Amino acid sequence: MHSILKFKWPIAIGLIVLTVALFLLAPNLTEQAEQAGSFQLSDEASSQIASQILSDADAAEQTISLVIPLESKVTDETRQTLEQMVTDIEALGDPITSVLNPVESKELEEQLISEDQQTVLMPIMVDGNNEEVNVVADEIRETIIPEELTVYITGEAIISNDVNVSAQEGLQRTEIITVVLIFGLLLAVFRSIVTPFIPLVAVGITYLLSQSLVAFFIDWFGFPVSNYTQIFLVAILFGIGTDYCILLLSRYKEELAAGHDVEQSIINTYKTAGRTLLISGAAVFVGFFAIGFAEFPIFKSAVAVAVGIFVLLIVLYTIVPFFMALLKEKLFWPAKKSASHRDSKLWIWMSKLSINRPLLSILVVALITVPLLFTYDNSLSFNTVDEIGSEYESVKGLNAIEEGFGKGDSLPVQVIVKSDETLTSRETVPYFESLSREIEKIEGVETVRSITRPTGDIINELYVDEQLGLLADGLGDARDGLDEVQAGLTEVQTNLTAISEQAGNSAGLTEAAAGLGQINQQLGQVSQGLQQTGNIPQTVGALTQISGGLSEIQQGLAGAAGQTAELSEGLTQLAEGVGASNQGLSEIESGLTQAVDMMQEMSDSSAVRDTGLYIPEGTLESEDFQQVVDRYSFADGTGMMMEVILSEDPYSPEAIDVTTEIKETVERAKIGTPLEKTEIAFSGISSINSDLKDVSSSDFTTTVIIMLISLFVILAILFRSLIMPLYMIGSLLLTYYTAISIAELIFVNGLGFDGISWAVPFFGFVMLVALGVDYSIFLLDRFREESFNGVTVRDAMRTSMAKMGTVIITAAIILAGTFGAMMPSGVLSLVQIATIVITGLLLYGLIVLPLLIPAISVSFDRGVWWPFGKKK
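Here is the structure:
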């Protein structure tokens, strides 16, 4: 400290110049956070695999929807307006790839216009990233949407952008409120106009320098970043930095009041309070540094606070002593005394209970906290929409879709299937219908849209039982046709017999008439056999023979007509009649032959046996069906997409459970099918949330264990005790779970949210434990200092509580105040984190720390230093 004071001016000027230079040169941290995105799931997550599959296939289009709520049913004028909007949007060109016209066809109307005809959807496919999608949305708002029409634009990219906008607006409000709040609190605590500026300057330098370093680290080393990074830097650095300044300034005033000169007072301050500050800073640094071991980038992004703590310690050991030496006693002008240095009457009163009657004190803490713990259900919410509130256009659009079409129609679960071979073959497509049937059985699934059910309704014509019914109808028609041919030939035979008599019983004509009689008899037998046995192949063979006989008779009649001039016209007509009958038989034969081929294919097809579906040849290539193939397949037919519409809100916890069941069902259903070796992944907001639930849960457990072990080790080394770290950490765990129980009661039971936002438990835990440990360090390090004076454990604790009570309460109130500045941010997760931290800090500073920690400490007596013993 002597050297720092000796070179205080160069050090202070150098640090300020460095801060300004880095601030001007550093990348924009806000833009880096926006580019990082809201979720940042790992590449192994199902939703990210799905995204990668689509991206590799140049099919990673994003869908935004124009949602048009109408005051009355769709009219002709409305249809014209929609047609014009589609034309205008298509004219915008890239990156728009297609627009679904809700009035283009009856099928699209059923899908895109609500049943009451008062809500219209216009999906727009955009091939671009989130930023490009939002540019397109802005252009549509400004140039396409008619002024007289109410239109909401929504979609995942739009919602994500609104979350970013809300977070940045919340950050700006938080920064302003934090500075004003801290200044006001310090003014009230120190009753000095000068004193509040010292923490604000010190922390301001720390924040600017830390933000610049983190921004450079993101560019250089891929440092994790998220929307939470800047807000946590503001809240924690301003809060904890002010607390540390209070600790230093309080001790500095105490040393001055003891009659020491300025330099000696500064040196003594950093020997005592400075040591406490180092221990506290090291504990907080280790706590946040441990977050770096998390796998989830959003969780890891809080490691930026560790950078801030490191910088803060440097600033507190350089800038603060600079102002102490520069301003001397004037640092506290005009107040002569500071409320922060008075012994805490509250903690002195509480010490009578915790030190004199420790078991009763522990019981009091248990009575306050344990009942709250039993109310905790660990209810989590993954509803991003709750983060930003209902005033945003994207949320209004979702609400309109929910009202017009149902909750799940807005954001379906997408099943993405990728193979090395084509999936649009006649043998493979039926298995997608089989898969659709299995998914549709799941409770919570409204409908499934796929290549075999493009509008969500089953195409009955593809089912074998439907086709066999049509085949039976065809056989009936064939029998009717044979009867008609038979009747025609009977008439020809009658006329031919009459002509034969006129010609003097011509031998040729008589034979022809007799031949027709035999053929007619054969036709009767064939028709009867077809009706009785349904033996189509046998019928086809018989018809082939009969057709050959009719051809001979037709040729004979044509020849006879040429030889007998008088009867030429009649014989020619009879020949034509036989020819027409023969043509009819050929058509019947051809139809029956096709039926035979189809039945043979059905018999040979494993798809028919497995799925009950048969795709007739040419169906997939037909013009009508080609539109369906184009919509649900990609990558030249080697990729396929299915859309699962949920009956639940896509953001709800129930939707996550349904999505998990969908994943399990698909994995089971593909076994033993051509889809078994395909790569299957799941996209959509419900799938993303399902992945978030899995990764956040496992990461929370892992990171918390690493953090607690790290804290235990650092505290054990610094306090030279294995007992103290145990009950310090235990008291913080008790405080955290009590605080989150209170938050759950407020937001879930009171305000009706689905649960606590999914990221809140992690960040709430990290913030509360890493910051709360400071206050136990403040108390117990003073307890260690006092115990060296040869007093008993009880007396040392009693003095420590009296001296540190006001400092800790003041620090807790200020830190709670900085987190309270998050409340007006408008971002739900930040409000919930602030609630947990504020509740926890006040609970810890006013109840747990003064009642539980002293009670346990005095209960161990000298054993509290086990196994190392008390040493200076």
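Positions in the sequence shown are counted from 1; adding 5 to them yields our numbering. Even glycine gets a Cβ: it sits at the ideal position worked out from N, Cα and C. This one's a predicted model, so the numbers in the text were calculated from it and none came from an experiment.
Fewer than three pairs of CB atoms, one per stretch, sit closer than 8 Å, so the segment 207-215 makes no contact with the segment 792-810.
Under the criterion of beta carbons closer than 8 Å, methionine 130 and isoleucine 421 do not qualify as touching, at roughly 16 Å. Contact between the segment 159-166 and the segment 284-296 is absent, with fewer than three C-beta pairs closer than 8 Å. Rounded to whole angstroms, the separation of the alpha carbons of valine 310 and serine 356 is 34 Å. The beta carbons of isoleucine 819 and leucine 190 sit about 5 Å from each other, so the pair counts as a contact at 8 Å.
For tyrosine 233, the enclosing alpha helix (DSSP H) has its first and last residue at 232-262.
Approximately 11 Å separates the beta-carbon atoms of serine 715 and valine 289; this is outside 8 Å, ruling out the contact. DSSP places glycine 644 inside the beta strand (DSSP E), whose first and last residues are 644-651. For the set Thr281, Leu29, Leu87 and Lys11, the Cα lying nearest the Cα of aspartate 248 is the one of Thr281.
Boundaries of the beta strand (DSSP E) around methionine 127: 124-131. In the DSSP assignment, glutamate 451 falls within the beta strand (DSSP E) that extends over 450-454. Residue pairing by DSSP places phenylalanine 226 in no beta bridge whatsoever. When only Cα atoms are considered, threonine 708 and leucine 29 end up about 35 Å apart. Straight-line spacing of the CA atoms in glutamate 407 and arginine 146 works out to 22 Å. Scanning its chain for C-beta atoms nearer than 7 Å, with the 5 sequence neighbours on each side dropped, one finds around phenylalanine 770 the residues Val709 and Tyr741, in chain order. For isoleucine 747, the closest of Phe824, Thr844, Lys276 and Pro201 by C-alpha to C-alpha distance is Thr844.
Beyond the five residues adjoining it in sequence on each side, alanine 860 comes within less than 7 Å, by CB distance, of Ser359, Pro363, Ser366 and Ile367 in the same chain, given in chain order. With a cutoff of 7 Å on beta-carbon distance, phenylalanine 228 and phenylalanine 237 are scored as not near each other.
Put simply, of Phe304, Val434 and Glu136 the residue whose alpha carbon is nearest the alpha carbon of glutamate 39 is Glu136.
Here glutamate 684 carries a strand assignment [DSSP, helix/strand/coil]. Among the bridge pairs identified by DSSP, threonine 68 is matched with Met130.
Sorting Phe328, Met712, Glu112 and Met90 by C-alpha distance to the C-alpha of valine 104 places Met90 at the top. The beta-carbon distance between isoleucine 73 and leucine 205, rounded to whole angstroms, is 51 Å. This is too long to meet the 8 Å contact definition.
Closest in alpha carbon position to leucine 252, among Ala240, Ile271 and Gln235, is Ile271. In this structure, the alpha-carbon of isoleucine 693 lies about 6 Å from that of serine 52. Inclusion of asparagine 232 and alanine 172 in the CB contact set at 7 Å is warranted, their separation being smaller than that value.
Just so you know, the alpha carbons of leucine 242 and serine 652 end up roughly 45 Å apart.
Beyond the five residues adjoining it in sequence on each side, alanine 764 comes within less than 6 Å, by CB distance, of Ser834 in the same chain, given in chain order. Looking at the backbone, the Cα of aspartate 699 and that of isoleucine 745 are separated by about 20 Å.
Per DSSP, the beta-bridge partners of isoleucine 73 are Val125.
Its chain contains Glu161, Leu416, Pro655 and Tyr656 as the residues whose beta carbon lies nearer than 7 Å to that of isoleucine 690, once the 5 sequence neighbours on both sides are disregarded; these appear in chain order.
Between leucine 467 and the set Ser349, Ala330 and Leu625, the nearest pair of CA atoms involves Leu625. Within the DSSP bridge table, the entry for isoleucine 118 names Val125 as partners. Distance check between threonine 643 and each of Ile685, Val649, Phe630 and Leu618 places Ile685 closest, using alpha-carbon atoms only. In this structure the segment 659-672 touches the segment 437-451; the number of beta carbon pairs closer than 8 Å is three or more. Taking all protein chains shown into account, serine 638 has 16 or more neighbouring C-beta atoms within 10 Å of its C-beta and is therefore buried.
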